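For the record, in the sequence shown the residue sitting at position 283 is 330 according to this note's numbering, with numbers rising by one throughout.
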Amino acid sequence: MTALKPSLYDLSLRELTAQTKPAFRAKQIYGWLYHNYAQNFEDMKNIPKSLKEELAQKYLINPMKIVKKELSSDGTIKYLLELQDNKTVEAVWLKMKDEIKDDNGNITQEAKYTICVSTQVGCKVGCTFCLTAKGGFTRDLSAGEIVAQVVTLKNDNNHKHNRMINIVYMGMGEPLDNLTNLAKAIEIFKEEDGLCISGKRQTVSTSGLSTKIDKLGEMDLGVHIAISLHAVDDELRTELIPMNKAHNINSIIEAVKRFPIDTRKRVMFEYLVIKDKNDDLGSAKKLVKLLTGIKAKVNLIYFNPYPGTDYKRPSREDMVAFQEYLVKHGLLCTIRDSKGIDISAACGQLKEKTQEERA
Ligand code: SAH
Ligand code: SF4
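Okay, structure coming up:
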């Protein structure tokens, strides 16, 4: 495998400070990277040429470039990003709220955005419903490659550094299978002299590696977790997510109970609804029982079909009935609106399409 050149985005401010003299240069460089989204060393006007040359020998700035973009009518933009070794991953720019203007046309509330990032090229978990899993696992992303997705998308959308953004680790890959680099990226996002995105604004979605949920909890990074539950009994869950054999539903629930969460917040349980598999009210009833005693909220996701899968999208009626049952029994529950449904929004689908087109 070709050696990948590290990126400046791999470095915490402390690490960069250790390499720059005098120390204040590191803060200046951080400003160029995360406040101005500088993509070239030449852009860093107030940094001495010698220091820039020294850094340029060891580091790249941005280790990825945009190779494809798909825009949806609802404001969602799906990106295909190419890495140094020509591998590709997806990241998604999601518009969560429209801007609000008063009668005079002044903006009273700015639009709100979330960035969905990938943590691996491919995935080892092998969920039977997931397109990313079909290509197998290639490699982990470095911390810098995770950070680069957010900088690249903010830059591409002219989103100022000090405008709030939420991050969800829900792109390609299993974040907890790449815990070291994930934790490093979370810390770099939190840097006050950088993007300054607090843990509260970052949500790690996991297919449920229970031991790693504990490890993430012990790191006390202040992030939220979302659990991709998808089934209420182990038999179906193992069919959907084979590693459920090693990390069964009970072990996940216990790990969630140990996870440090902000008392005002809830743990999100994602429930992918597949027609005739888990869309019945019997499952809804079991779900209510399973989540008793947990400050939970449930997000129902329509299965998004792709060519070659036998699973089917559930009907809207069944989805709504499922939601109503949960709400009636005291659970907070939303149905994920199919953002970017017209642009192959589910994980792995843009990449797959591009590979077909290239072939
Ligand atoms: N590996 C992590 C995060 C990435 S997957 C996890 O599994 O949680 C992000 C989300 O996309 C998961 O909730 C997953 O269930 C969902 N997903 C995968 N394939 C999908 C499909 N075909 N339709 C709808 N959602 C899908
Ligand atoms: Fe991996 Fe998540 Fe896809 Fe499962 S759903 S294969 S864990 S990316």
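All C-beta atoms, glycine included, are put in the ideal place defined by N, C-alpha and C. For clarity, every value in this text was computed on a predicted model and none was experimentally measured.
Sub-8 Å separation of Lys318 and Leu337 beta-carbons: Note that residue 318 corresponds to Tyr in the displayed sequence, not to Lys. Cβ distance not < 8 Å, so Tyr318 and Leu337 don't count as in contact.
Just to confirm the assignment, what range does the alpha helix (DSSP H) spanning Arg284 have? That run of the alpha helix (DSSP H) goes 281-287.
Using the three-state DSSP reduction, which class does Gly169 fall into: helix, strand or coil? In the structure shown, Gly169 sits in a strand (DSSP, three-state: E or B).
Less than 8 Å between the CB atoms is what I'm expecting for Gly30 and Tyr77, so what's the real figure, rounded? Residue 30 is absent from the structure shown; the chain starts at 48 and stops at 406.
Given that a residue counts as buried once 16 or more other Cβ atoms are within 10 Å of its Cβ, and exposed if not, what is Lys201? Here Lys201 is buried: its Cβ has 16 or more other Cβ atoms, across all protein chains shown, within 10 Å.
Short CB-CB distance (under 8 Å) between Ser254 and chain D: Among the chains in the structure shown there is no chain D, since it carries only a single protein chain.
What are the boundary residues of the beta strand (DSSP E) that includes Ile214? Per DSSP, Ile214 belongs to the beta strand (DSSP E) from 213-216.
Three-pair Cβ contact test at 8 Å for the segment 251-264 versus the segment 138-146: These segments do not touch.
Got a sec? Which residues, its chain only, sit under 7 Å from Leu287 by beta carbon, not counting five neighbours each side? Here the set comprises Cys174, Thr175, Phe176, His277, Ala278.
Does the beta-carbon distance from Ile321 to Pro354 come in below 8 Å? Cβ distance not < 8 Å, so Ile321 and Pro354 don't count as in contact.
Is the beta carbon of Met211 within less than 7 Å of some heavy atom of ligand 2? It does not: the Cβ of Met211 is nowhere closer than 7 Å to a heavy atom of ligand 2.
Within a Cβ cutoff of 6 Å, which residues of the same chain sit near Lys342, ignoring the five residues on either side of it in sequence? Answer for Lys342: Arg313, listed in chain order.
Around the Cβ of Arg284, are there at least 16 other Cβ atoms within 10 angstroms (buried) or fewer (exposed)? It is buried - the Cβ of Arg284 has at least 16 other Cβ atoms within 10 Å.
Cβ-based neighbour list, Ile94, same chain, cut-off 7 Å, excluding 5 preceding and 5 following: Only Arg72, Gln75, Ile76 meet the Cβ criterion.
What residue range is occupied by the uninterrupted beta strand (DSSP E) comprising Glu137? Where Glu137 is concerned, the enclosing beta strand (DSSP E) stretches over 135-144.
C-alpha distance - Ile214 paired with Leu379, whole-angstrom precision: Distance from the CA of Ile214 to the CA of Leu379, rounded to the nearest whole angstrom, comes to 22 Å.
Under the rule that 16 or more other beta-carbon atoms within 10 Å means buried, what is Arg248, buried or exposed? Buried, by the Cβ-count rule.
Helix, strand or coil for Lys262, going by three-state DSSP, please let me know. Secondary structure of Lys262 (DSSP, three-state): helix.
Identify every residue that forms a DSSP beta bridge with Glu129. Beta-bridge pairing links Glu129 to Lys112, Thr135.
Give me every residue whose Cβ sits closer than 5 Å to any heavy atom of ligand 2, in chain order. Residues flagged by the Cβ proximity filter: Cys170, Val172, Cys174, Cys177, Thr179, Ala180, Glu221, Ser254.
Check each candidate in Pro289, Lys304, Glu238 and name the one with the smallest Cα separation from Gly264. The candidate whose alpha carbon is nearest that of Gly264 is Lys304.
Look up Ser119 in the DSSP assignment and say whether it is helix, strand or coil. Coil at Ser119, not helix or strand.
Going straight from the alpha carbon of Phe350 to that of Gly218, what length do you get? Approximately 16 Å, taken between the alpha carbons.
Would you kindly work out how many angstroms separate the C-alpha atoms of Cys243 and Ala273, rounded to a whole number? Here the alpha carbons of Ala273 and Cys243 stand approximately 22 Å from one another.
Beta-carbon within less than 7 Å of Gln86's beta-carbon, same chain only, minus the 5 sequence neighbours each way: which residues are those? Correct list, in chain order: Ile108, Asn109.
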